[in-house]
């Protein structure tokens, strides 16, 4: 009887394990190619350029954008897919409450990042920006949910919520390229989690 109970307990364990993040729906890091995209949903963007230049292209990178796609009943908005030599290496999209709920239900809660108060607005010390987020890691794949709320450099209130899923190796390889969805808050978040 003891062995039967032990066996049943072992069989039940995988049912409670969280799925590892490796993409969004059929868009899988290091597996999806641009040929797999539905042209009705995505449009190819201009080629990425090396940071600080206008004309020096990053020929290995292709970017596709969509205003919105539905994955498993959830609408994802402002979706960008980045390919390096035709392999998906980065996905970004808005991180709405509906996406957050579905994401946490599927993958569990991420590890909370440190928080930081940043000052972009020079109109007063109370007009700062709170930056925080959650992190999921799966080998080479790093997933970030970035939240920023406060005042931007124009002293206007901003509420920024972004989901980024990427290959750490290929992101490092492409770090000299300016990607279309880059936002200073994304760079600030990378600095925050890397202790810079």
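Numbering (mature numbering (1 follows the signal peptide of the UniProt record, and there is no 0)), first residue to last: -17 to -1, 1 to 179.
For every residue, glycine included, the Cβ atom is placed at its ideal position computed from N, Cα and C.
Using only the alpha-carbon positions, how far apart do residue i and residue j sit?
| i | j | result |
| --- | --- | --- |
| residue 122 | residue 66 | 19 Å |
| residue 18 | residue 55 | 21 Å |
| residue 90 | residue 3 | 6 Å |
| residue -11 | residue 88 | With a pLDDT of 32 at residue -11, under the threshold of 50, the modelled position of that residue is not reliable, and the figure given next carries that caveat. Spanning the two alpha carbons is a distance of roughly 27 Å. |
| residue 15 | residue 70 | 6 Å |
| residue 61 | residue 109 | 31 Å |
| residue 84 | residue 76 | 15 Å |
| residue 147 | residue 58 | 16 Å |
| residue 144 | residue 155 | 23 Å |
| residue 131 | residue 27 | 28 Å |
| residue 92 | residue 86 | 8 Å |
| residue 177 | residue 171 | 10 Å |
| residue -1 | residue 40 | Any reading at residue -1 must be qualified, since the residue scores a pLDDT of 42, below 50, and its modelled position is unreliable; no value is offered. |
Buried or exposed, going by whether 16 or more other CB atoms sit within 10 Å of the CB of residue i?
| i | result |
| --- | --- |
| residue 95 | exposed |
| residue 113 | exposed |
| residue 150 | buried |
| residue 100 | exposed |
| residue 190 | Here the chain covers residues -17 to 179 and nothing more, so residue 190 does not appear. |
What are the residues that DSSP puts in a beta bridge with residue i?
| i | result |
| --- | --- |
| residue 124 | 121, 150 |
| residue 88 | Answer is none; residue 88 lacks a bridge partner. |
| residue 105 | Bridge partners of residue 105: none, in fact. |
Would you kindly report the start and end of the unbroken beta strand (DSSP E) that includes residue i?
| i | result |
| --- | --- |
| residue 72 | 70 to 77 |
| residue 54 | 44 to 54 |
| residue 66 | 57 to 67 |
| residue 180 | The chain is shown from -17 up to 179; residue 180 falls before or after that span and cannot be answered. |
Can you tell me where the alpha helix (DSSP H) with residue i in it begins and where it stops?
| i | result |
| --- | --- |
| residue 25 | Note, residue 25: premise wrong, no alpha helix (DSSP H); not H, not E. |
| residue 167 | 167 to 176 |
Worksheet entry | Touching by the beta-carbon criterion (3+ pairs, under 8 Å), the stretch 101 to 117 and the stretch 132 to 147 | Yes, the stretch 101 to 117 is in contact with the stretch 132 to 147.
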